[in-house]
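Take a look at the structure set out below.
Numbering (our numbering), first residue to last: 391 to 762.
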């Protein structure tokens, strides 16, 4: 009898253990970074308190950080407050924006105390234009471009949309609310994909580049109509080191405000590439054989419906803007469909036909099959 009891007891404990493990496997993973935490906790509203008059001073070059406080509520812990520092960032946008993009710097000690990894930097892409409607529209357009990039490949920067109430601690400005989005820092990106940033990679030779990753990045830039980047100068693109199984430098694009899909009010066409409008597409990818480029285009076709759904779901944009963005996206898909229908080869040449001699700033024409 006692033996039967113990057998039953241990069987029950074993079954409960299996059940517990099965439930554990269905729960969300514990956030390892502050960025992950904000996404998992569905934080969509924040209050940012700092000396706004200092932050927005036209003489603020972004060289120095200033004290700030971030307040938000989470599903798990309720209201939280974080003391951190921030500064204006960027080059072009820092000069021309009414409200510049920002860089957040958190204390690694505070992050560790709350159980997070030491990814202490975050970037904030802001509304730029004080005109509420114009600023919000362009911000949301660029946010969607980043989400499209995420959809196409994990070798991209993640973003998280939030609405921020800005509070001026100097008392000189009234508080105001605007949409913004957090941009994953490069240190967190490379940790996520098992890589490291290449910080001294100007003018890489084509054989140093992971051609498949470069081709995906280049087609994406073409799809959204962005010609404002350069591998040679590392402008608006980060080069990260591949792995033994995925060797070569991997380009990861960012800053899409000059793209046709965003069409920022301050964006200007690159006349050297034959652009009349920033909406004119120019393909700036390195030369590849047809099979690789066709695999890349097939990848984009696979995600066609998802990209359309991303635009349709962004109800903060007007129906007119969403229709225009869909039409611009569909013009890309119509072009690659035409290439398939007529069974044209030399696909790279076909994509380059509108600007066959275009070479990104600092690039070597030989690398693009043009010659001197």
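For glycine and all other residues, C-beta sits at the position ideal for the given N, C-alpha and C.
### Exposed unless 16 or more other CB atoms sit within 10 angstroms - verdict on residue 486
Counting from one through the chain shown, the residue named residue 486 turns up at place 96. By the neighbour-count rule (16 or more Cβ atoms within 10 Å), residue 486 is not buried but exposed.
### Query
If you follow the beta strand (DSSP E) that residue 618 is part of, which residue opens it and which one closes it?
One-based indexing of the chain shown puts residue 618 at position 228. According to the DSSP assignment, residue 618 belongs to no beta strand (DSSP E), since it is labelled neither H nor E.
#### Entry: Which residues DSSP lists as bridging residue 494, in chain order
Mapped onto the chain shown, residue 494 falls at position 104. Looking at the DSSP assignment, residue 494 forms a beta bridge with 476, 512.
### Query
Do residue 779 and residue 514 have their C-beta atoms within less than 9 Å of each other?
Since the first and last residues shown for the chain are 391 and 762, residue 779 lies out of range.
### Task
Just the C-alpha distance for residue 467 and residue 422, rounded to the nearest angstrom, thanks.
Residue numbering aside, residue 467 sits at position 77 when the chain shown is read from its first letter. Residue numbering aside, residue 422 sits at position 32 when the chain shown is read from its first letter. Taking the straight line joining both Cα atoms gives about 16 Å.
### Task
Check residue 625 in the structure and name its three-state DSSP category.
Looking up residue 625 in the chain shown gives position 235. Taken through DSSP and simplified to helix, strand or coil, residue 625 comes out as strand.
### Query
Between 622, 657, 700, which lies nearest to residue 755 when the distance is taken from Cα to Cα?
Here residue 755 is taken as the residue at index 365 of the chain shown, counted from 1. Residue 622 is the option with its Cα nearest to residue 755.
#### Entry: Given residue 474 as reference, the closest of 744, 696, 580, 501 once Cα atoms are compared
Here residue 474 corresponds to residue number 84 of the chain shown, with the count starting at 1. Among 744, 696, 580, 501, the Cα nearest to that of residue 474 belongs to 501.
### Task
Measure the alpha-carbon distance for residue 566 versus residue 526 and round it to whole angstroms.
Mapped onto the chain shown, residue 566 falls at position 176. Mapped onto the chain shown, residue 526 falls at position 136. Rounded to whole angstroms, residue 566 to residue 526 spans 13 Å at the Cα level.
### Query
In three-state terms, what does DSSP make of residue 723?
Within the chain shown, residue 723 is the residue found at index 333, counting from 1. The DSSP-derived three-state label of residue 723 is helix.
### Message
Can you give me the C-alpha to C-alpha distance between residue 505 and residue 618, rounded to a whole angstrom?
### Response
On the chain shown, position 115 is the one that residue 505 refers to. On the chain shown, position 228 is the one that residue 618 refers to. Taking the straight line joining both Cα atoms gives about 39 Å.
### Task
Output yes if chain D places a C-beta closer than 9 Å to the C-beta of residue 671; else output no.
Any reference to chain D falls outside this structure, which holds one protein chain only.
### Query
In terms of DSSP beta bridges, what is residue 652 paired with?
In the chain shown, the residue the question calls residue 652 occupies position 262. According to DSSP, which records beta bridges pairwise, residue 652 is partnered with nothing at all.
### Task
With DSSP as the reference, label residue 574 as helix, strand or coil.
As a working mapping, residue 574 is identified with position 184 in the chain shown. Coil, per DSSP.
### Query
Which partner residues does residue 471 have in the DSSP bridge list?
In the chain shown, the residue the question calls residue 471 occupies position 81. Beta bridge pairing from DSSP links residue 471 with 461.
### Query
If you run the structure through DSSP and keep just helix, strand and coil, what is residue 660?
The residue you call residue 660 lines up with position 270 of the chain shown. DSSP places residue 660 in coil when its eight states are reduced to three.
### Query
Buried or exposed: residue 455, going by 16 or more other Cβ atoms within 10 Å of its Cβ?
To locate residue 455, count along the chain shown from 1; it is residue 65. Residue burial annotation: residue 455 is exposed, with fewer than 16 other C-beta atoms found within 10 angstroms of its C-beta.
### Nearest to residue 596 (by Cα), restricted to the options 747, 758, 691, 543
To locate residue 596, count along the chain shown from 1; it is residue 206. Nearest to residue 596 by C-alpha distance, out of 747, 758, 691, 543, is 758.
### Task
For the alpha helix (DSSP H) containing residue 593, list its first residue and its last residue.
The count along the chain shown starts at 1 and reaches residue 593 at position 203. For residue 593, there is no enclosing alpha helix (DSSP H), as DSSP marks it with neither H nor E.
### Task
Just mark residue 604 as buried or exposed, buried being the case when its beta carbon has 16 or more other beta carbons within 10 Å.
To locate residue 604, count along the chain shown from 1; it is residue 214. Residue 604 is buried by the Cβ-count criterion.
### Task
Could you check what DSSP says for residue 757 in three-state terms: helix, strand or coil?
If you number the chain shown from 1, residue 757 lands on position 367. Here DSSP, grouped into helix, strand and coil, assigns residue 757 to helix.
### Local conformation of residue 417 per DSSP, three classes
Position 27 of the chain shown holds residue 417. Confidence in residue 417 is poor, its pLDDT being 39 and thus under 50, which makes the residue's placement unreliable; the coordinate value appears in the next sentence. In this structure, residue 417 counts as coil in the three-state DSSP scheme.
### Query
Below 9 Å between beta carbons: does that hold for residue 658 and residue 646?
Taking the first residue of the chain shown as position 1, residue 658 is located at position 268. Taking the first residue of the chain shown as position 1, residue 646 is located at position 256. Not in contact: residue 658 and residue 646 (Cβ atoms no closer than 9 Å).
### Query
According to DSSP, is residue 742 helix, strand or coil?
Here residue 742 is taken as the residue at index 352 of the chain shown, counted from 1. Correct three-state label for residue 742: coil.
#### Entry: Residue closest to residue 651, alpha-carbon to alpha-carbon, out of 671, 744, 555
Indexing the chain shown from 1 puts residue 651 at position 261. Relative to the Cα of residue 651, the nearest Cα in the group 671, 744, 555 belongs to 671.
### Query
If residue 612 sits next to residue 571, beta carbons under 8 Å apart, how far is it from one beta carbon to the other, in whole angstroms?
What you label residue 612 is simply residue 222 of the chain shown in a count that begins at 1. What you label residue 571 is simply residue 181 of the chain shown in a count that begins at 1. Actually they are not in contact, since the Cβ atoms of residue 612 and residue 571 sit about 23 Å apart, beyond 8 Å.
### Query
Under the DSSP definition of a beta bridge, which residues are partnered with residue 639?
The residue given as residue 639 occupies position 249 in the chain shown. DSSP lists 599, 631 as partners of residue 639.
### Task
Apply the 10 Å Cβ neighbour rule to residue 578 and answer buried if 16 or more other Cβ atoms are within range, or exposed otherwise.
On the chain shown, residue 578 is found 188 positions in, with the first residue counted as 1. Buried, by the Cβ-count rule.
### Message
Restricting to Cα atoms, I'd like to know which of 476, 634, 512, 426 is closest to residue 446.
### Response
Locating residue 446 in the chain shown gives position 56, where the first residue counts as 1. Closest option to residue 446, Cα to Cα, is 476.
#### Entry: Continuous alpha helix (DSSP H) stretch holding residue 558: start and end
Looking up residue 558 in the chain shown gives position 168. Residue range 549-558 is occupied by the beta strand (DSSP E) that includes residue 558, with no alpha helix (DSSP H) assigned at that position.
### Task
Give me the Cα-Cα distance between residue 540 and residue 653, rounded to the nearest whole angstrom.
In the chain shown, counting from the first residue as 1, residue 540 sits at position 150. In the chain shown, counting from the first residue as 1, residue 653 sits at position 263. Counting only the Cα atoms, residue 653 lies some 20 Å from residue 540.
### Query
Run through DSSP, which three-state label would residue 439 get?
Along the chain shown, one-based indexing puts residue 439 at 49. In this structure, residue 439 counts as strand in the three-state DSSP scheme.
### Message
By the three-class DSSP mapping on this structure, what secondary structure does residue 586 have?
### Response
Counted from its first residue, the chain shown places residue 586 at position 196. Of the three classes helix, strand and coil, the one that applies to residue 586 here is strand, per DSSP.
### Task
Compute the distance between the beta-carbons of residue 627 and residue 607, then report whether it is under 9 Å.
Here residue 627 refers to the residue found at position 237 when the chain shown is read from its first residue. Here residue 607 refers to the residue found at position 217 when the chain shown is read from its first residue. In contact: residue 627 and residue 607 (Cβ atoms closer than 9 Å).
### Message
Between which residues of its own chain and residue 751 is the CB-CB distance below 8 Å, once the five residues before and five after are set aside?
### Response
By 1-based counting over the chain shown, the position of residue 751 is 361. Excluding residues within five positions, the ones whose Cβ falls inside 8 Å are 620, 622, 623, 625.
### Start and end residues, alpha helix (DSSP H) containing residue 787
One cannot answer for residue 787 here, as it falls past the ends of the chain, which runs 391 to 762.
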